[in-house]
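So the structure is just underneath, and the comments pick up after that.
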Amino acid sequence: MNPLKSDEYPAIYSAYIETVTGDVLKLLNEQIKTFPAFLASIPTEKSEYAYAEGKWTVKEVVGHVIDTERIMAYRALRFARNDTKELIGFEPEDFVANARFNERSLKSLSDEFVLVRKSNLALFKRLNDHELMRKGIASERLISVRAFMYIIAGHLNHHRNVIRERYLGE
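Here it is as structure tokens:
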């Protein structure tokens, strides 16, 4: 797959996309193992820890990663199927506030992540070059189908780094 071009995504996603190097499909596949292993290394007592007032807990961050992946994959599917209707944005704070992630175990969230990622990989692997290059408007911004793959991978990288630095003090 050719490298992502800057005209395929809005600048707001640059920080996520820049964390992705090499083959994005390979990274998405590797994350199926590396992210659950990372989550398994987090002490149980840290899973409901928030580093500051009003910040999400580790479980809520993981739930946010899962929800965001679902939304980005849905957008990619719509555009890959040549659906040209504009897709509205979503408010992550509202999603987390209404998801009850802290009632679940970190292991159950990890298991759900694996299922979601495997499903999305099945979709992404079957898209041809033409479908991957299709674009649409999401959150009032033009974006390509394949940019969503980079955003999904980079969004996870970003939040894993946040957990390491702000929650675990690594």
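Taking our numbering, I'd label the letters of the sequence shown as residues -8 to 161. We treat Cβ as the ideally placed atom computed from N, Cα and C, and that holds for glycine.
As computed with DSSP, Ser135 is found in a beta bridge with Lys126.
By the CB criterion at 8 Å, Leu68 and Leu114 fall inside the cutoff. DSSP, reduced to helix, strand and coil, places Leu(-5) outside both helices and strands of the structure shown, so it counts as coil. DSSP places Leu106 within a helical segment (H, G or I) once states are collapsed to three. Taking the Cβ atoms as the reference, Val87 lies roughly 15 Å from Ile154, outside the contact range of under 8 Å. Selection Asn152, Tyr158, Met140, Thr35 evaluated against Tyr4 yields Met140 as nearest (Cα-Cα). Secondary structure note for Asn73: it is in no alpha helix (DSSP H), with a DSSP letter that is neither H nor E. Ranked by Cα distance from Gly45, the first of Thr75, Ile142, Glu84, Val15 is Glu84. Three or more beta-carbon pairs separated by less than 8 Å link the segment 59 to 67 to the segment 129 to 148, which places the two stretches in contact. If you draw a straight line from the Cα of Thr75 to the Cα of Ser130, it comes to about 13 Å.
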